[in-house]
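Numbering (the numbering used here), first residue to last: 721 to 855. To start, the structure itself, in structure tokens.
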């Protein structure tokens, strides 16, 4: 994706991504499941909010941000997504983690830190900074 975000319009890329997924999801839903069309307004409102904010807006922001960062930083951000989702679930819903899940979060965060600091340690040894290498 980093290749396309640097040479494409982020809005166009997000539109293509979302359209392809929507079409394929619709096609497979009719093939693999019995379609259920909700009648409640609250369900359609939830679908609208989820599709516009949680999907479209998020993809556009993601594509714009990816234009200004490296694929490695993007991967690290994606790697941290489950940890931050759990943090918000705890804050907003009071959900608690099992000890095994806490260890998983700690390993994810440790991996993120290690991946971030390892290149800068190599750069210090060679006399250049990571930001100089990125240029």
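Glycine residues also receive a C-beta, built at the ideal position from the N, C-alpha and C atoms.
Three-pair Cβ contact test at 8 angstroms for the segment 816 to 836 versus the segment 766 to 785: No, the segment 816 to 836 is not in contact with the segment 766 to 785.
Separation of residue 801 from residue 762, as counted between CA atoms: Using only the alpha carbons, I get a separation of about 28 angstroms.
Cβ neighbours of residue 855 in the same chain (closer than 6 angstroms, five flanking residues each side left out): Summary for residue 855: the model assigns pLDDT 46, below 50, so the residue's position carries little reliability; its value from the coordinates is reported in the next sentence. Cβ-Cβ distances below 6 angstroms link residue 855 to nothing in the same chain once the five nearest sequence neighbours on each side are left out.
Where the alpha helix (DSSP H) through residue 762 begins and ends: In the DSSP annotation of this structure, the continuous segment of the alpha helix (DSSP H) that includes residue 762 starts and ends at 761 to 769.
Segment limits, alpha helix (DSSP H) that includes residue 793: First-last of the alpha helix (DSSP H) with residue 793: 791 to 799.
Pair within 8 angstroms by beta-carbon distance, residue 835 and residue 796: Less than 8 angstroms separates the beta-carbon of residue 835 from that of residue 796.
Reference residue 830, options 799, 758, 776, 747, closest by Cα: Per the C-alpha coordinates, the member of 799, 758, 776, 747 positioned closest to residue 830 is 799.
Inter-residue spacing [alpha-carbon to alpha-carbon] between residue 770 and residue 764: Across the structure, residue 770 and residue 764 are spaced so that their CA atoms are roughly 10 angstroms apart.
The alpha helix (DSSP H) enclosing residue 745, as first and last residue numbers: Segment 730 to 752, the alpha helix (DSSP H) holding residue 745.
Where the alpha helix (DSSP H) through residue 780 begins and ends: It spans 778 to 786 - the alpha helix (DSSP H) in which residue 780 sits, taken as one unbroken run.
Residue 803 (DSSP reduced to helix, strand or coil): Helix, per DSSP.
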